[in-house]
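Enquirer:
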Amino acid sequence: MSAALPEVSGSFGEKPTLAFPDTTPSAELEVLVLSRGAGELVEAGDDIEVNYLGQSWQGGVFDNSYDRGSSITFPIGVGAVIAGWDEGLVGQQVGSRVLLSIPSHLGYGDRGVPQAGIKGGDTLVFVVDIVGTSR
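Quick note on full-length UniProt numbering: the sequence shown kicks off at 1 and runs consecutively.
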């Protein structure tokens, strides 16, 4: 049985909003495909293009690409991003919207990212729209 996860409103390509349950987040990575795309599978070593919104569990939004109006592209599955992204996005299909609940040991650990408002030990929640992939 997976832990209770935030409810997400909005559809692929739209800035999502999150409603958090009054529960403690899971200590494990939780991955929920909110809508499955029909594109290629994302493989480790691919460059993945995404839009995303990141929010601390029961906290504020610390980053999102929707307000900037541009997606980001980065290598996936090779340690270029936090482990929760590497583990949660490899194997997903392009065109999917994925909810990731990432415990701190797969995120920013005990250090956090204070300048982004991420405290040490924070569970991070991301809604990620997978726009494309290239090898």
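Beta carbons: idealized from backbone N, C-alpha and C, even for Gly.
Work out the CA separation of G39 and residue 218 for me, nearest whole Å.
Expert: Residue 218 lies beyond the residue range present for the chain, which begins at 1 and ends at 135; the question has no answer from this structure.
Enquirer: My guess is that G117 and D110 are in contact by the Cβ rule of under 8 Å, so how many angstroms apart are they, rounded?
Expert: Mapped onto the sequence shown, residue 117 falls at position 117. Mapped onto the sequence shown, residue 110 falls at position 110. About 16 Å separates the two Cβ atoms, so there is no contact after all.
Enquirer: For a cutoff of 9 Å on Cβ pairs, would you count F62 as touching chain C?
Expert: This model lacks chain C altogether; it includes just one protein chain.
Enquirer: Report the rounded CA-to-CA distance for G88 versus T123, giving the unit in angstroms.
Expert: Position 88 of the sequence shown, counting from 1, holds the residue named residue 88. Position 123 of the sequence shown, counting from 1, holds the residue named residue 123. Approximately 14 Å, taken between the alpha carbons.
Enquirer: For the ligand FMN, is there any heavy atom lying closer than 8 Å to the beta carbon of Q92?
Expert: Inclusion of the ligand FMN in the displayed structure is not the case, the ligand content being empty and no account of it being possible.
Enquirer: Compute the Euclidean distance between the alpha carbons of S65 and D129, then round it to the nearest angstrom.
Expert: Position 65 of the sequence shown holds residue 65. Position 129 of the sequence shown holds residue 129. Rounded to the nearest angstrom, the two C-alpha atoms are 10 Å apart.
Enquirer: Please say whether E43 and P103 have beta carbons closer to each other than 9 Å?
Expert: What you label residue 103 is simply residue 103 of the sequence shown in a count that begins at 1. What you label residue 43 is simply residue 43 of the sequence shown in a count that begins at 1. For P103 and E43, no; Cβs fall outside 9 Å.
Enquirer: Considering only residues of the same chain and omitting the five flanking positions on each side of A83, which have a CB-CB separation below 7 Å?
Expert: The count along the sequence shown starts at 1 and reaches residue 83 at position 83. Closer than 7 Å at the Cβ level, and outside the excluded window around A83, lie L106.
Enquirer: Can the beta-carbon of V90 be found closer than 9 Å to that of I76?
Expert: Numbered from its first residue, the sequence shown carries residue 90 at position 90. Numbered from its first residue, the sequence shown carries residue 76 at position 76. Contact: yes.
Enquirer: When you compare only the Cα positions, how much space is there between P25 and Q55?
Expert: As a working mapping, residue 25 is identified with position 25 in the sequence shown. As a working mapping, residue 55 is identified with position 55 in the sequence shown. One C-alpha to the other measures close to 13 Å.
Enquirer: Compute the beta-carbon to beta-carbon distance between L99 and L32, rounded to the nearest angstrom, for a pair I have assumed lies under 8 Å.
Expert: Position 99 of the sequence shown, counted from the start, is the residue given in the question as residue 99. Position 32 of the sequence shown, counted from the start, is the residue given in the question as residue 32. Going by Cβ atoms, the distance from L99 to L32 rounds to 4 Å, so yes, they are a contact pair.
Enquirer: Can you list the beta strand (DSSP E) stretches of 3 or more residues lying completely in the stretch 102-135, in chain order?
Expert: Within the stretch 102-135, the complete beta strand (DSSP E) runs of at least 3 residues are 124-134.
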